[in-house]
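Structure record follows, encoded as structure tokens.
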């Protein structure tokens, strides 16, 4: 297929959507701590004078604190407050409109950040199968390991779990959001089903004369409330009751000395390691520091006692970060454990993840959408058809890395790609191919080797063995399942 034929396909796809605004010249702005909405607003007059037709914005939804790129979204319903206020955003949008420019927005439908600030994921950890977000994430509930069918690996520990617990690096804490496990900057919420176990230790009235104290009576009722709430299905009423129960627990701990003494004693009993009082954990985990050996073992983690047993009852399963190289039970972004994939093929998930984006398209602020990592989606065509149906007025482009002899599918309702292949064509104009051998020789001299391409390609594909063995094993499990069902 010639480049002229490719352009004909793209023009045909443009006519499918009947959208009048086609970007002529985009300018990418990478929002983050160094470029906020107000900063971008000041650039618009210059960009307009330069001949830029469209602002091309990096992801701007709420992301992990300090994010420099925005691809680690934590809340699809909010703009990133670190980029400015809603008023700042509106002022930028108005400036773009005044100068007759469009707004091409980069969106990330494939994954979210695996982080404590991801409210939806933390809701799964707190409520398990009863969470309204339980099916939002691409978790392998049919994993061949029975233990991993009801839990989610959390491969973020700097060393094996037993070592983490022996050093007192993970602590059971009570903060303004309730009970949780604190591991340096990580906060994992306690499963609602285990609140009763924590609060049921002993009796805060033991040895006191405060049997008629309203606070003590409220605490007794609170224990019963948590036990009842954990067994209820998801509802707005339940969420309100859980939030109220947590607030009450925090308030009683803060204001009532006897209850505070009782709760602090429980926390200390869980956090004590081999009779040594827990140390205050500061700084960050020793993850990614060096060539720690997979499967390194110290004392059995069960030696650390009740904290280990409590962790075993949680939805999340904390493990050494290198464990993810050999076992995983959720879909990641390549082998980056910090990203957890979404089941965007589910219409309910699609609507929730795109709610804010579609709102801004319909308001006329976003005139186009650039879909990140379209190949990561379960069914790219189905997704794009759905997106086009929800936003027929938007210019649609996808991030699609095409091989030299690979061409864009004609049945996708889009205008084209983000242009990687086009850039290769343009760069080719400035390359004198007769100099290829001279440059290759120079490169081989520089690296001190002359690698064979086929061998190099084979070696690079070993990433499946030493970084993604868990995914390969799971795919083999699915293939085995399919063969049994089809009697192959």
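In this note's numbering, the protein residues as written are 3 to 490. Built from N, CA and C at the ideal position, the CB exists for glycine as well.
In chain order, 360 place their CB closer than 6 angstroms to the CB of residue 392, counting only its own chain and leaving out the 5 sequence neighbours on each side.
Across the set 39, 25, 328, 81, the C-alpha of 81 shows the shortest separation from the C-alpha of residue 362. Judged by DSSP secondary structure, residue 372 falls within the beta strand (DSSP E) whose first and last residues are 370-373.
The distance from the Cβ of residue 343 to that of residue 139 is about 7 angstroms, consistent with a contact at the 8 angstroms cut-off. Taking all protein chains in view, the Cβ of residue 108 is crowded by 16 or more other Cβ atoms within 10 Å, so the residue is classified as buried. Considering only 219, 220, 216, 174, the residue with the shortest C-alpha distance to residue 200 is 174. Under DSSP, residue 162 forms no beta bridge with any residue. The stretch 141-148 makes no contact with the stretch 375-393, as fewer than three CB pairs between them are under 8 angstroms. Proximity to residue 329 across 124, 488, 468 peaks at 468, based on C-alpha coordinates. Between residue 322 and residue 160, the C-beta gap is smaller than 9 angstroms, which places the two residues in contact. Our two residues, residue 404 and residue 253, have alpha carbons roughly 57 angstroms apart in a direct line. With a threshold of 16 other beta carbon atoms within 10 Å, residue 356 meets it and is buried.
Restricting attention to alpha helix (DSSP H) runs no shorter than 4 residues, the stretch 45-113 encloses them at 88-100, ordered along the chain. Between residue 408 and the set 60, 422, 127, the nearest pair of CA atoms involves 422. Our two residues, residue 193 and residue 130, have alpha carbons roughly 8 angstroms apart in a direct line. Judged by their CB atoms, residue 114 and residue 49 are not nearer to each other than the 9 angstroms cut-off.
Excluding sequence positions up to five before and after residue 244, its CB lies within less than 6 angstroms of the CB of 231, all in the same chain and listed in chain order. Separation of residue 165 and residue 339 (C-alpha to C-alpha, rounded to the nearest whole angstrom) is 21 angstroms. A direct Cα-to-Cα measurement between residue 265 and residue 219 gives close to 15 angstroms.
The residues 125, 236, in chain order, have a CB closer than 8 angstroms to that of residue 134 in the same chain once the five nearest residues on each side in sequence are set aside.
According to DSSP, residue 28 shares a beta bridge with 56.
With 16 or more other Cβ atoms inside 10 Å of its own Cβ, residue 261 counts as buried. In this structure residue 465 is exposed. Its beta-carbon is surrounded by fewer than 16 other beta-carbon atoms within 10 angstroms. With contacts defined as CB atoms closer than 9 angstroms, residue 180 and residue 191 qualify as a contacting pair. Residue 116 and residue 55 have their C-alpha atoms spaced approximately 36 angstroms apart. For a cut-off of 8 angstroms, the C-beta gap from residue 400 to residue 428 is around 19 angstroms, too long to register as a contact. Around the beta carbon of residue 446, fewer than 16 other beta carbons sit within 10 angstroms, so the residue counts as exposed.
Taking all protein chains shown into account, residue 74 has 16 or more neighbouring C-beta atoms within 10 Å of its C-beta and is therefore buried.
In this structure, the beta-carbon distance from residue 60 to residue 94 does not fall below 9 angstroms. Counting along the chain, the unbroken alpha helix (DSSP H) around residue 266 starts and ends at 259-273. With respect to residue 331, residue 62 sits apart: the two C-beta atoms are not nearer than 9 angstroms.
Under the DSSP definition of a beta bridge, residue 419 partners with 400.
One Cα belongs to residue 371, the other to residue 406, and the distance between them is close to 25 angstroms.
DSSP places residue 383 in the uninterrupted alpha helix (DSSP H) bounded by 382-392. Comparing alpha carbon positions, the residue from 178, 333, 71, 177 closest to residue 471 is 333.
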